[in-house]
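**Q** Under our numbering, the first residue of the sequence shown carries the number 133, and numbering increases by one thereafter.
Glycine residues also receive a C-beta, built at the ideal position from the N, C-alpha and C atoms.
Would you mind keeping the following structure in view while I ask a few things?
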Amino acid sequence: MTTHPKFNANPAFLDGSMKKMLIDGRWVEAKTGRTFETFNPATGELLARVAEGDAEDVDLAVAAARRAFEGPWRNVKPNQRQNLILKLADLVSEHYEELCVLDTLDMGMPIGRSIQNRERVVGSIRYYAAQAMNIHGETIESSLDGEFFTAALKEPIGVVGAIIPWNSPLFATVKKISVALAAGCTLVLKPAEEAPLTPLRVGELCLEAGIPPGVVNIVSGFGETAGARLSAHPDVDKIAFTGSHFTGQKIIRASAVNVKKLSMELGGKSPNIIFADANLDKAVPGAAMATFNNAGQICCAGTRMYVERAIYDEFVARVAEYGSKMRVGNGLDPDTQMGPLVSTEQLARVTDYLKIGQQEGAEAVTGGQRLTEGAFGKGNFVPPTVFRNVTDNMRIAREEIFGPVISAIPFDTVDEVVQRANDTPFGLGGGVWTRDVGKAHKVARRIRSGTVWVNAYNVMDPSVPFGGYKMSGFGREGGVHHVDEYLQTKALILNTD
Ligand code: NAP
Ligand code: MG
133 MTTHPKFNAN PAFLDGSMKK MLIDGRWVEA KTGRTFETFN PATGELLARV AEGDAEDVDL
193 AVAAARRAFE GPWRNVKPNQ RQNLILKLAD LVSEHYEELC VLDTLDMGMP IGRSIQNRER
253 VVGSIRYYAA QAMNIHGETI ESSLDGEFFT AALKEPIGVV GAIIPWNSPL FATVKKISVA
313 LAAGCTLVLK PAEEAPLTPL RVGELCLEAG IPPGVVNIVS GFGETAGARL SAHPDVDKIA
373 FTGSHFTGQK IIRASAVNVK KLSMELGGKS PNIIFADANL DKAVPGAAMA TFNNAGQICC
433 AGTRMYVERA IYDEFVARVA EYGSKMRVGN GLDPDTQMGP LVSTEQLARV TDYLKIGQQE
493 GAEAVTGGQR LTEGAFGKGN FVPPTVFRNV TDNMRIAREE IFGPVISAIP FDTVDEVVQR
553 ANDTPFGLGG GVWTRDVGKA HKVARRIRSG TVWVNAYNVM DPSVPFGGYK MSGFGREGGV
613 HHVDEYLQTK ALILNTD
């Protein structure tokens with residue numbers, strides 16, 4: 133038996149005050165004076181009013197980031213940047229429980245799970261700290277007539293606009309900040325309107341860590357206003373975006389203004405393939421949590437569960453049983469395994485898909501309807517849902533639902549399942565469950581997605597690149613590839629005669 137710590141549900145950060153934005157090292161209100169509200173999705177309670185940054189505030193933040201980039205930040209050496217990032221890692225570690233509580237309050241994530249991820253979150257910041265001292269270009273032997281020294285230098289790209297979603301606010305915030313700092317960039321981060329609290333608290337920790345004014349700016353606000361201005365701003369050099377492909381397409385168009393460098397971490401509809409020879413005792417919880425983790429609000433969720441026909445009935449029944457036994461509730465209860473959906477909009481979207489699935493002829497073996505009894509009625513709760521009798525052409529098998537909904541689809545042969553798994557506009561994640569190493573390797577190589585897990589799902593390592601094929605985007609987070617996304621390459625051709 134494990135004993136659970138108790139969590140302070142009233143962090144000092146939520147003292148009733150209006151939450152301001154971080155621009156140029158100062159906490160400021162929006163120029164318009166406007167604010168918006170952020171709610172607890174488990175209870176519907178108001179958590180805080182937050183400054184509603186708009187174009188004018190983005191302009192001020194970008195100007196501050198530019199001044200810092202052209203000014204003092206340029207002279208901060210890699211080892212000094214490393215120390216600042218390490219200091220931020222220490223502070224995030226020290227305040228980790230409070231940050232997890234803020235994530236749970238603002239977007240519902242079960243704290244019993246997030247509290248165990250300290251090493252993943254803090255370790256990822258420390259990984260980028262190490263990368264700050266690992267940036268090197270190359271010298272090139274010149275074939276030019278005369279004496280030349282030729283080299284390819286690596287330089288920070290400049291001012292980065294980072295736009296993040298709400299599904300993992302702490303992790304998304306610290307990753308975007310620490311990679312930009314490692315590369316020597318400055319940034320303006322726009323959190324999602326549904327979950328701005330943790331990013332703003334991380335902003336306080338950035339100042340406490342001694343990161344100079346203007347290097348990290350955080351502008352809370354809406355996508356169509358603040359986010360759109362950041363993407364179209366002529367003085368932003370790069371947009372690092374994580375979110376849906378709909379928004380990604382808008383950002384790609386807006387960024388054409390000054391031909392920004394882009395990285396796009398977009399959505400998915402990932403296949404999770406279960407062969408009959410898999411270790412089913414591991415594959416059942418693995419396949420269930422591939423989607424039910426974070427109430428299905430994960431970009432790489434393995435929502436298209438392809439199951440070899442010989443075990444289809446048994447496997448689907450076991451995954452459904454696993455889901456039906458999960459404890460759904462307020463994420464602040466350490467025993468909760470699945471929390472609410474982030475917002476009433478997301479609730480409406482997911483319940484629509486539940487209806488669509490049933491209209492299309494799929495059968496909900498478990499779940500299938502929103503929970504409304506008692507305390508559930510105040511929050512956005514949808515139980516783990518498993519649909520069987522799903523065919524590839526159904527909308528529930530093609531579109532990203534971003535909720536706890538598995539579409540279980542039978543298959544017969546390796547070639548067939550590979551072809552069907554790849555028949556999607558997305559390519560973010562994928563899973564293969566089998567005891568046959570050769571088969572695992574062949575299938576993993578043929579799936580067209582940025583990550584394939586074998587006999588595992590959703591496990592992340594800061595040293596390993598993560599990103600999408602096809603409409604799941606481009607660019608890689610994690611690993612040495614990530615820092616490179618924030619660097620420019622400059623050729624130096626020096627006549628030494
Ligand atoms: P979203 O609606 O695309 O929003 C993401 C961010 O973009 C938010 O900050 C949003 O602001 C902002 N935004 C909205 N419209 C904008 C515009 N016109 N210009 C600039 N910014 C704009 O996505 P979401 O619903 O927050 O998150 C869910 C999606 O993210 C899913 O598709 C999921 O798969 C994807 N995701 C991908 C990854 C990955 O690593 N590949 C990781 C996590 C999530 P508002 O908050 O004001 O709307
Ligand atoms: Mg909220």
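1) Is any heavy atom in ligand 1 found nearer than 6 Å to the beta carbon of A360?
2) So, at 8 Å on beta carbons, what are the nonlocal neighbours of K574 in its own chain, with the 5 sequence-adjacent residues on each side left out?
3) Could you tell me if I80 is buried or exposed, where buried requires 16 or more neighbouring beta carbons within 10 angstroms of its beta carbon?
4) K80: beta carbon under 6 Å from a heavy atom of ligand 1?
5) Quick check: the Cα distance between S456 and T498, rounded to an integer number of angstroms?
6) Looking at the structure shown, is N404 part of a helix, part of a strand, or coil, going by DSSP?
7) Taking the C-alpha atoms as reference points, what is the distance between A388 and H365?
8) With a threshold of 6 Å (Cβ to nearest heavy atom), would E397 be considered close to ligand 1?
9) Say yes only if the C-beta of K393 is nearer than 6 Å to one or more non-hydrogen atoms of ligand 1, and no if none qualify.
10) With 16 as the cutoff for other CB atoms within 10 Å, does P557 come out buried or exposed?
11) Could you check which residue in Q381, E226 and Y259 has the C-alpha nearest to that of P597?
12) Taking only heavy atoms of ligand 1 into account, decide whether any of them is closer than 6 Å to the Cβ of S246.
13) According to DSSP, is R567 part of a helix, a strand, or is it coil?
14) Just grab the DSSP bridge partners of F373 for me.
15) So what does DSSP say about H136, is it helix, strand or coil?
16) Taking the C-alpha atoms as reference points, what is the distance between G461 and V224?
17) Do the CB positions of M396 and F373 come within less than 7 Å of each other?
18) Locate the alpha helix (DSSP H) running through Q263, then write down its first and last residues.
19) Based on Cα-Cα distance, which residue from Q551, L329, E273 and S274 lies nearest to P297?
20) State the DSSP-derived secondary structure class of G610, mapped to helix, strand or coil.
21) Would you call the region 482 to 493 and the region 517 to 532 touching, i.e. three or more CB-CB distances under 8 Å?
22) DSSP three-state label for V347, please.
23) Leaving out five residues on either side along the sequence, give the residues of the same chain with a beta carbon under 6 Å from the beta carbon of A410.
24) If G471 and P242 are in contact, beta carbons under 8 Å, what's the gap, nearest whole angstrom?
25) Nearest CA to the CA of Y228: which residue from N215, R245 and R213?
26) For the beta strand (DSSP E) containing V537, list its first residue and its last residue.
27) By Cβ distance below 7 Å, which residues in the same chain neighbour P173 in space, the five residues on each side in sequence not counted?
28) Could you tell me which residues DSSP pairs with E169 in its beta bridges?
29) Since Q620 is in the beta strand (DSSP E), which residue starts that stretch and which ends it?
30) Kindly indicate which residue of P466, D413 and K370 has the alpha-carbon position closest to the one of E453.
31) Specify the secondary structure class of L321 as computed by DSSP and reduced to three states.
32) Opposite P288 in the DSSP bridges: which residues?
33) For my contact list, A221 and D189 are in at a C-beta cut-off of 8 Å; report their separation, rounded to the angstrom.
34) Out of curiosity, what's the CA-to-CA distance linking V550 and N426?
35) Does S149 pass the burial test, meaning 16 or more other C-beta atoms within 10 Å, or should it be called exposed?
36) Grab the span of the beta strand (DSSP E) containing R158 for me, first residue to last.
**A** Working from what's here:
1) Yes.
2) V546
3) Residue numbering for the chain in the displayed model covers 133 to 629; residue 80 lies beyond these limits and cannot be assessed.
4) There is no way to answer for residue 80, as the model of the chain reaches only from 133 to 629.
5) 6 Å
6) strand
7) 10 Å
8) yes
9) no
10) exposed
11) Ranking the options by Cα distance to P597, first place goes to Y259.
12) no
13) coil
14) DSSP, once it has assigned bridges, lists I295 and M396 as partnering F373.
15) Low per-residue confidence applies at H136: pLDDT is 43, beneath 50, and the placement is therefore not dependable, though the value from the model is reported in the following sentence. Residue state for H136 is assigned as coil, using DSSP reduced to three classes.
16) 27 Å
17) yes
18) R250 to A264
19) For P297, the nearest C-alpha among the options comes from L329.
20) coil
21) yes
22) coil
23) Correct list, in chain order: W565 and T566.
24) 5 Å
25) Of the candidates N215, R245 and R213, R245 places its Cα closest to the Cα of Y228.
26) V537 to F543
27) M239, G240, P472, L473, V474, S475, G511 and N512
28) R181
29) L619 to N627
30) Out of P466, D413 and K370, the CA that lies nearest to the CA of E453 is found in D413.
31) strand
32) L619
33) With 8 Å as the limit, A221 and D189 do not qualify as a contact, their Cβ atoms being about 28 Å apart.
34) 27 Å
35) Exposed is the call here.
36) R158 to V160
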